[in-house]
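Numbering (UniProt numbering), first residue to last: 1 to 196.
To keep things clear, I will list the structure first and then write my remarks on it.
Here it is as structure tokens:
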């Protein structure tokens, strides 16, 4: 049986006698987020992964790949792609400048998804895209990979720069794009929030 990150995470958490909530507090996330990671519904970002490894007394490479550090060089050379992991503010600046800003000195994460030059990741800041009915769902703290300039269709999950009238500056939101005839709007997956 091939062990996943979620399987290793759950086993190590139970070995330490921690609940998901307790591990979440040690890692700076919620217990619900730990649950999503354990079910392999998404993966922790680089900062959370580091905190998880520290809390569980292991290495990031063990959590990700099931190997110790000396074996990691082979795994990294044959698996995954590193992409920029931007703060919400950095992502807004990057999208407004349409990629003119260099992304040299930023955190990076490894992903196994098919990514292209210019793709980057952010952490979902709120629960507007958490779907209590199931899939698709993007919980708080989930790592979201964005592809600037991609063409979209009805039902696509999109990141959009919008004006924030309270702060008098641009803001970014991640929502589902809905095209209904001539009407186009952004819809959250969480029914507690209204479409915009």
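Yeah, the Cβ is synthetic: ideal placement off N, Cα and C, and Gly gets one too.
Fair warning: this is a prediction, and the values are worked out from it, not measured in the lab.
Measure the C-alpha to C-alpha separation of residue 23 and residue 34 and round it to an integer number of angstroms.
Rounded to whole angstroms, residue 23 to residue 34 spans 7 Å at the Cα level.
Since residue 94 sits in a beta bridge, which residues does DSSP pair it with?
Bridge partners of residue 94: none, in fact.
Local conformation of residue 159 per DSSP, three classes
Strand.
Tell whether a beta-carbon distance below 9 Å holds between residue 124 and residue 190.
Residue 124 is not a Cβ neighbour of residue 190, given a cutoff of 9 Å.
Tell me, which residues are paired with residue 172 by DSSP?
In the DSSP output, where bridge partners are listed per residue, residue 172 has 161.
If you draw a straight line from the C-alpha of residue 137 to the C-alpha of residue 38, how long is it?
Going from the Cα of residue 137 to the Cα of residue 38 covers about 16 Å.
Residue 152, enclosing alpha helix (DSSP H) - first and last residue
It is not in any alpha helix (DSSP H) - residue 152 carries neither H nor E in the DSSP assignment.
Would you call the region 86-95 and the region 53-67 touching, i.e. three or more CB-CB distances under 8 Å?
Segment contact: the region 86-95 against the region 53-67, fewer than three CB-CB distances shorter than 8 Å; contact not assigned.
Measuring CA to CA, which of 132, 165, 146 is closest to residue 36?
When 132, 165, 146 are compared, the shortest CA-CA separation from residue 36 is found for 132.
So what does DSSP say about residue 109, is it helix, strand or coil?
In the three-state scheme derived from DSSP, where H, G and I count as helix and E and B as strand, residue 109 is classed as strand.
Have a look at 107, 96, 66, 158 and flag the residue whose alpha-carbon is nearest the alpha-carbon of residue 82.
For the set 107, 96, 66, 158, the Cα lying nearest the Cα of residue 82 is the one of 107.
Chain-order list of residues whose beta-carbon lies under 7 Å from that of residue 196 (same chain, five-residue window excluded):
Counting only residues of its own chain and dropping the five nearest sequence neighbours on each side, residue 196 has a CB closer than 7 Å to the CB of 185, 186.
Helix, strand or coil for residue 186 per DSSP?
Three-state result, residue 186: strand.
The beta strand (DSSP E) spanning residue 82 covers which residue range?
Residues 81-84.
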